[in-house]
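Undergrad: So that we are looking at the same thing, I have put the structure below in structure tokens.
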Amino acid sequence: MSRSGSSRAAGRSRRRRRSAQQGHSENSERWMASYMDMVTVLMCLFIVLYAMSTVDQDKFAALRNSLATGFGVQETQFADTAEGIVVPADMAGAQGLLSTGTGEELTSEQLEAMASAETRKLLKLKEQIQDALVEQGYPDAAVYRIDQRGLTVRLVSAETFFVPNSAELTRQAGRIIDAIGPVLKQANLNIAVEGFADVRQPVHPYPTNWELSASRATGVLRVLVEDGGIKPGRISSVGYGDARPLKDRGDLSLNRRVDIVVLSNKSEAVREKLPELDG
1 MSRSGSSRAA GRSRRRRRSA QQGHSENSER WMASYMDMVT VLMCLFIVLY AMSTVDQDKF
61 AALRNSLATG FGVQETQFAD TAEGIVVPAD MAGAQGLLST GTGEELTSEQ LEAMASAETR
121 KLLKLKEQIQ DALVEQGYPD AAVYRIDQRG LTVRLVSAET FFVPNSAELT RQAGRIIDAI
181 GPVLKQANLN IAVEGFADVR QPVHPYPTNW ELSASRATGV LRVLVEDGGI KPGRISSVGY
241 GDARPLKDRG DLSLNRRVDI VVLSNKSEAV REKLPELDG
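Put into structure tokens, the structure is as follows:
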């Protein structure tokens with residue numbers, strides 16, 4: 001064999017040895033990638049196990065039920081998306097107060113007891129409002145009603161409270177509302193002011209009784225907020241025009257009124273058991 005042939009053979013032999021060494025080096029390091037993947041998975045597993053060991057059981061149950069509903073497992077229930085929890089169908093609208101907070105549903109007797117306590121509270125509030133009106137010399141300025149909504153303080157005969165065809169309160173009306181305001185503020189409940197009108201059509205600037213009744217309700221609301229100290233977030237106003245009359249014939253002055261409704265904060269299940277009391 002010539003010297004050049006020997007050199008070529010030696011070169012090929014060296015290249016094969018280098019290639020074998022490089023392949024062996026690459027194969028010897030490939031296991032590290034699998035090892036790192038396994039370590040990462042184990043770390044995630046331990047994190048999940050730790051998180052599950054310290055989870056709030058109530059929140060976990062709510063999450064479980066919410067996920068079950070989302071996947072269609074619990075078709076008889078629906079999710080309250082505002083709270084992220086599942087509410088059984090027969091408890092819908094009850095504002096979550098059909099249970100004691102310990103997972104036990106309230107019995108009918110418990111609901112009756114809560115309704116009785118709420119009725120006593122509303123009657124006491126009525127007495128406080130009436131005492132304030134009597135003290136200011138207006139014992140007949142309002143009539144009252146207790147029902148599922150709460151306590152309605154009805155200011156009758158709007159001609160006494162408002163300038164005709166106007167939402168401007170009379171001086172007498174201002175004093176009456178000033179007497180009621182502190183009592184309502186202390187009650188710390190939500191309030192709805194509702195305006196009503198009779199069937200007589202107003203004149204300019206009110207095109208219909210809707211605008212007139214809404215403006216009168218807003219006028220009472222402003223006095224309660226600006227002078228009575230009621231928080232704006234706790235009070236609202238609405239006008240019903242002549243759509244909800246107390247009298248269809250005879251003395252229509254009762255239809256020209258403003259109702260101040262002190263809304264009960266109890267659940268619907270409790271409010272359904274409140275009696276209807278007029279006086």
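Numbering of the sequence shown is given in the working numbering, commencing with residue 1 and proceeding in unit increments.
Ideal Cβ positions, reconstructed from N, Cα and C, are used throughout, including at glycine.
Counting C-beta neighbours from all protein chains within 10 Å, is the total for THR107 16 or more, i.e. buried, or is it exposed?
TA: Classification for THR107: exposed.
Undergrad: Taking DSSP's pairing of strands, which residues face VAL258 in a bridge?
TA: Its beta-bridge partners are LEU155 and GLY195.
Undergrad: Whole angstroms are fine: how far does the CA of ARG234 sit from the CA of ASN190?
TA: For ASN190 and ARG234, the distance between alpha carbons rounds to 5 angstroms.
Undergrad: Jot down the residue ranges of each uninterrupted beta strand (DSSP E) in the segment 174-242, minimum 3 residues, whole runs only, in chain order.
TA: Listed in chain order, they are 191-195 and 235-239.
Undergrad: If I'm right that ALA132 touches ALA179 with Cβ under 8 angstroms, what's the distance once you round it to whole angstroms?
TA: The pair is a contact, with the Cβ atoms about 4 angstroms apart (cut-off 8 angstroms).
Undergrad: For the beta strand (DSSP E) that ALA142 lies in, which residues bound it at each end?
TA: Taken as a continuous stretch (DSSP letters only), the beta strand (DSSP E) holding ALA142 covers 142-147.
Undergrad: Rounded to whole angstroms, what is the Cα-Cα separation between GLU112 and GLY195?
TA: Near 32 angstroms, if we compare the C-alpha coordinates of GLY195 and GLU112.
Undergrad: With a 10 Å radius around its C-beta and 16 neighbouring C-beta atoms as the bar for buried, classify LYS247 as buried or exposed.
TA: So LYS247 counts as exposed.
Undergrad: What residues in its chain sit with their C-beta under 6 angstroms from that of PRO245, if we drop five residues either side in the sequence?
TA: Answer for PRO245: ASN255, listed in chain order.
Undergrad: Could you work out which residue in SER34, VAL163, ALA141 and ALA33 is closest to VAL156 when comparing CA atoms only?
TA: Measuring from the Cα of VAL156, the nearest candidate turns out to be ALA141.
Undergrad: Identify the continuous alpha helix (DSSP H) that holds LEU169 and give its terminal residues.
TA: LEU169 -> no alpha helix (DSSP H), and no H or E assigned at all.
Undergrad: Can you have a look at LYS126 and say buried or exposed, based on whether 16 or more other CB atoms are within 10 angstroms of its CB?
TA: So LYS126 counts as buried.
Undergrad: Using the C-alpha atoms, what's the distance from ALA243 back to PRO202?
TA: One C-alpha to the other measures close to 15 angstroms.
Undergrad: Ordered along the chain, which non-local residues of its own chain (more than five positions away) have a Cβ less than 7 angstroms from that of ARG175?
TA: The answer, listed in chain order, is GLN136.
Undergrad: Using 10 angstroms around the beta-carbon of GLN292, count the other beta-carbons present and answer buried if the total reaches 16, otherwise exposed.
TA: A question about residue 292 goes unanswered here, because the residues of the chain that appear run from 1 up to 279.
Undergrad: Rounded to whole angstroms, what's the CA-CA distance from PRO88 to GLU105? Just pull it up for me.
TA: With a pLDDT of 45 at PRO88, under the threshold of 50, the modelled position of that residue is not reliable, and the figure given next carries that caveat. So the alpha carbons of these two residues sit roughly 12 angstroms apart.
Undergrad: With distances taken between CB atoms, is the gap from GLY241 to SER213 smaller than 7 angstroms?
TA: Cβ distance < 7 angstroms, so GLY241 and SER213 count as in contact.
Undergrad: Using the C-alpha atoms, what's the distance from ARG200 back to LEU277?
TA: In a straight line, the C-alpha of LEU277 is about 30 angstroms away from that of ARG200.
Undergrad: Can you find the residues in the same chain that come closer than 8 angstroms, C-beta to C-beta, to GLY229, ignoring five residues on each side of it along the sequence?
TA: Answer for GLY229: GLY181, PRO182 and LYS185, listed in chain order.
Undergrad: By how many angstroms is the C-alpha of ARG154 removed from the C-alpha of GLU272?
TA: Taking the straight line from one Cα to the other gives about 21 angstroms.
Undergrad: Using only the alpha-carbon positions, how far apart do GLU211 and PRO164 sit?
TA: So the alpha carbons of these two residues sit roughly 14 angstroms apart.
Undergrad: Using three-state DSSP, classify ASP131 as helix, strand or coil.
TA: Here ASP131 sits in helix by DSSP.
Undergrad: What span of residues does the alpha helix (DSSP H) with MET270 cover, start to end?
TA: With the sequence shown as reference, residue 270 is identified as Val, and Met is not the correct amino acid for it. Looking at the DSSP string, the run of the alpha helix (DSSP H) that includes VAL270 is 268-271.
Undergrad: DSSP three-state call for ASP37: helix, strand or coil?
TA: In this structure, ASP37 counts as helix in the three-state DSSP scheme.
Undergrad: PHE161 bridges to which residues according to DSSP?
TA: Per DSSP, none; premise fails for PHE161.
Undergrad: Can you grab the Cα-Cα spacing for the pair PRO49 / MET38, in whole Å?
TA: The identity of residue 49 in the sequence shown is Leu, whereas the question assumes Pro. About 16 angstroms.
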